[in-house]
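Take a look at the structure set out below.
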Amino acid sequence: DILSRHVDLAEIDQTFSEPLKPEIARLYVKKVHHNPAFLFTALLGRTFTYDRILDDSAITAWKAGFEPLLRTRRLGAVVMQFPWAFRFTEENRQFLIRLRRAFHEFPLAAEMRHESWLRDEAVTTLVNYHIGFINVDQPEYFRAMPPAALLTSGVALVRLHGRHNPDAFREFDSPADRRYMYDLDELLEWKPRLERLAGFASRTLVTTTNAVEGRAMVNALQLREICGGVSLEAPTSLLSLYPAELAAFRARRPVQAMLLPARAA
């Protein structure tokens, strides 16, 4: 409830491990009723993206959890977060197509960690099957997906994971990643990319995943300021913890605005 008074997007990450209970999804929708612009993104289960198992009962369970968000038009995207080992091959391309068909009614977006998914054939696959491409900011390592401003569906998507130097083959979301705090110069690198995406997309969704000690929220608010947000208010608790980073913000209840406005018709 507090979050939805300051930003217009939240990511549901527990769905990476288990399906969302429909009653919990309905509760989330109820809590953000005062903000008509608020959306959720939600991770698709690792059973699909890491284990690559398309089990009918699992598909049904994950769909049931996402459906209340979809029905109320609160679902911005279902995030398919693939590991670095999921490179662009014909076998993996066919699996992605099967996964897309299994969740055909949902707005799917793919986060690819390996740079091979920038090949023309890979991008064409995403476009043809209406799969959003998630532009990532992630640690640099061998053949990692670099920062980009690629749009393969009507919705532009960006996820910022931090730049902690990892072991190339481990999973993300380690404690070091979640503690990372982007400085202003690092965030400014994304301004031209975000503006480019917003110029063509119907909506631009940006997620920060460095969730420890409110850092994701701080960086999200800073990005909003960088991109010309019309409402510069922040939670009082964050203003006291990060006075320098949030120097331009006020501690009062905000008027809502998208991080980046939808493209004018």
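Just so you know, we're using the working numbering here: the sequence shown kicks off at 14 and counts up by one.
Ideal Cβ placement from N, Cα and C applies to all residues, glycine included.
This structure is a prediction, so every number in the text was calculated from the model and none was measured.
The residue from K43, G58, F51 and H46 with its alpha-carbon nearest to that of E31 is G58.
Sequence-distant Cβ neighbours of A229 in its own chain, meaning closer than 7 Å and more than five residues away, are T221, T222 and N223. The beta carbon of G78 lies closer than 7 Å to those of T28, P32, L33, K34, P35 and A38 in the same chain, with the five residues before and after it left out. Look at the beta carbons and you see the region 125-133 touching the region 93-101: at least three pairs across the two are nearer than 8 Å.
Nearest to G175 by C-alpha distance, out of V140, D196 and L52, is D196. L83 places its beta carbon 8 Å or farther from that of L52.
V92 is a Cβ neighbour of I147, given a cutoff of 8 Å. Per the DSSP secondary-structure output, F146 pairs in a beta bridge with A123. In the DSSP assignment, E24 forms a beta bridge with T54. For Q235, the enclosing alpha helix (DSSP H) covers residues R228 to I239. Note that the C-beta distance between T62 and R106 is not below 8 Å.
Residue environment analysis places R113 among the buried positions, since at least 16 neighbouring C-beta atoms fall within 10 angstroms of its C-beta. Membership of V140 in the alpha helix (DSSP H) is indicated by the continuous run D133 to N141.
In the DSSP annotation of this structure, A169 is not part of any alpha helix (DSSP H); the continuous beta strand (DSSP E) holding it starts and ends at V168 to L173. A Cβ-Cβ distance of about 7 Å is found for the pair I144 and A122, placing them in contact under the 8 Å criterion.
Less than 8 Å divides the Cβ of F213 from the Cβ of L164.
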